[in-house]
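Chemist:
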Amino acid sequence: MKLLSPRHHGYVDYAVVVVLALAPLALRLDPVPTAVCYVAAVAHLVVTLLSDQPLGAARKIPFSVHGALETSLAAALLASPWLFGFSAELPARTFFVVTGLALVLVALGTRYATGAASRQQPYDRYDR
476 MKLLSPRHHG
486 YVDYAVVVVL
496 ALAPLALRLD
506 PVPTAVCYVA
516 AVAHLVVTLL
526 SDQPLGAARK
536 IPFSVHGALE
546 TSLAAALLAS
556 PWLFGFSAEL
566 PARTFFVVTG
576 LALVLVALGT
586 RYATGAASRQ
596 QPYDRYDR
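Note that my numbering gives residue 544 to position 69 of the sequence shown, counting from 1, and the numbers run on in steps of one.
1) Would the beta-carbon of H484 fall within 8 Å of that of T585?
2) Run through the DSSP bridge pairs and tell me what S526 is partnered with.
3) Evaluate S593 with the Cβ neighbour count: other Cβ atoms within 10 Å of its Cβ, from every protein chain shown; 16 or more gives buried, anything less gives exposed.
4) If we ignore side chains and look at the alpha-carbon of each, how far apart do L553 and V572 end up?
5) In the DSSP output, which residue or residues are listed as bridge partners for L479?
6) By how many angstroms is the C-alpha of A515 removed from the C-alpha of L495?
7) Tell me the rounded alpha-carbon separation between Y587 and H519.
8) Please name the residue in S555, L565, T569, E545 whose C-alpha comes closest to that of A582.
9) Between the beta-carbon of P556 and the beta-carbon of A549, is there less than 8 Å?
10) Could you tell me the distance, in whole angstroms, from the CA atom of S480 to the CA atom of S547?
11) Going by DSSP in three states, D505 sits in which element: helix, strand or coil?
12) In its own chain, which residues sit with a C-beta less than 6 Å from the C-beta of A498, not counting the 5 before and 5 after it?
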């Protein structure tokens with residue numbers, strides 16, 4: 476069962492950007508995981524702003540493509556501690572694994588098929 480409408484998914488997207496941007500300060504991460512957090516935050520923000528969803532700004536990326544990109548980001552976050560060599564740092568590893576798993580759950584719980592925005596129809600239909 477898909478629980479998140481595109482509008483609710485948009486709220487989660489912006490929350491994820493904030494979490495990724497603030498985690499290095501809150502967790503006092505080393506330089507490498509900090510850089511990965513900031514790159515992931517900027518990438519996720521750009522994809523969210525360009526996505527065809529109620530809270531998107533430019534609406535150039537189909538919402539289904541947004542879902543695929545977000546799933547890819549989730550996989551990248553899950554693998555980051557081992558890809559970038561900071562798996563021995565427990566706070567960083569835990570943050571990236573938990574955040575990656577949370578994004579997987581968001582992706583599984585979102586109705587991506589209803590995200591195609593029509594210029595003639597209001598976005599109220601997303602909240603059904």
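The beta carbon of each residue, even a glycine, is placed where N, CA and C say it ideally should be.
Modeler: Let's see:
1) The count along the sequence shown starts at 1 and reaches residue 484 at position 9. The count along the sequence shown starts at 1 and reaches residue 585 at position 110. For H484 and T585, yes; Cβs fall inside 8 Å.
2) By one-based count along the sequence shown, residue 526 stands at place 51. Looking at the DSSP assignment, S526 forms a beta bridge with I536.
3) For the purposes of this step, residue 593 is taken as residue 118 along the sequence shown, with counting starting at 1. Confidence at S593 is low in this model, with a pLDDT of 39, below 50, so the placement of that residue should be treated as unreliable; the coordinate-derived value is given next. Per the 10 Å Cβ criterion, exposed.
4) As a first step, residue 553 must be located in the sequence shown, where it is residue number 78. As a first step, residue 572 must be located in the sequence shown, where it is residue number 97. Going by the C-alpha atoms only, they are around 5 Å apart.
5) Taking the first residue of the sequence shown as 1, we reach residue 479 at position 4. BP columns for L479 point to T585.
6) Position 20 of the sequence shown, counted from the first residue, corresponds to residue 495. Position 40 of the sequence shown, counted from the first residue, corresponds to residue 515. Taking the straight line from one Cα to the other gives about 7 Å.
7) As a working note, residue 587 is residue 112 in the sequence shown. As a working note, residue 519 is residue 44 in the sequence shown. Roughly 16 Å between the two C-alpha positions.
8) Walking along the sequence shown from the start, residue 582 turns up at place 107. Here the closest residue by C-alpha is E545.
9) Counted from its first residue, the sequence shown places residue 556 at position 81. Counted from its first residue, the sequence shown places residue 549 at position 74. Not a contact, by the Cβ cut-off of 8 Å.
10) Against the sequence shown, residue 480 aligns to sequence position 5. Against the sequence shown, residue 547 aligns to sequence position 72. Distance between the alpha carbons of S480 and S547 is about 20 Å.
11) Numbered from 1 along the sequence shown, position 30 holds the residue referred to as residue 505. Reduced to three states, the DSSP call for D505 is coil.
12) Stepping through the sequence shown from its first residue, residue 498 is reached at position 23. C512, F570.
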